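Positions 3 to 156 (this note's numbering) are the ones given, in order, by the sequence shown. Each remark here refers to the structure printed beneath this line.
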Amino acid sequence: MSQQAETSQTAAAAPPVALPCEIVANAADIVMAELLTLHDHRNKQYWKRAMHIIWEQLTHVHPLVEELPSKFTIPTHIIATEMVMRDPVVLMAVKEWPDFDKIRDAMDADVADHLWYQIGWPVDKGKGCAVPLEPLQISDTAATAAETLEEPRS
């Protein structure tokens, strides 16, 4: 096989580079599709599979959040997934299912306090209204309160 043919096959096999917002939008579509099909399946294996797929999509989204354009709105159900989901290994160990209905039915009011929901919000710096920072004052009561804390019990 010629070098040129090898190069063209390699280039054809390489996946196109996707933008962070495209990856998040794709993950949102996959998560919602999985959530919508859960009602049709009462099979434990299917739910496990869905839980792993949703977790996988969340792990794709997590590192990209900081790279998203400021005008991009992260879908509400992705934010709810980040709030509700835990590692499937942990969930299986404690024999617990994530609250899939809470993820699917999440409204803006449910996730408004989450950091990802507030990413695109403009920061009101107020021209000329900067408040000078004062050095942190540690009171004497804070030191005595720290000394009186009990050891955690196992």
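Backbone N, C-alpha and C define an ideal beta-carbon position, used for all residues, glycine too. Owing to the predicted nature of the structure, the values given are computational and were not obtained by experimental measurement.
Counting along the chain, no alpha helix (DSSP H) covers methionine 109, and no H or E run does either.
Comparing alpha carbon positions, the residue from His79, Ala30 and Arg44 closest to methionine 109 is His79.
If you draw a 10 Å sphere on the C-beta of tryptophan 99, you find fewer than 16 other C-beta atoms in it, and that means exposed. A buried status is given to valine 63, since no fewer than 16 other beta-carbon atoms sit within 10 Å of its beta-carbon. Pairing valine 92 with arginine 106, the inter-Cα distance amounts to about 21 angstroms. In the three-state reduction of the DSSP assignment, histidine 116 falls in the coil class, being assigned neither a helical nor a strand state. A check of alpha carbon separations from alanine 29 across Ala114, Asp101 and Glu58 identifies Glu58 as the nearest. When the beta-carbon positions are compared, isoleucine 55 and methionine 87 stay at least 8 angstroms from each other. Between arginine 51 and methionine 34, the alpha-carbon positions lie close to 14 angstroms from each other.
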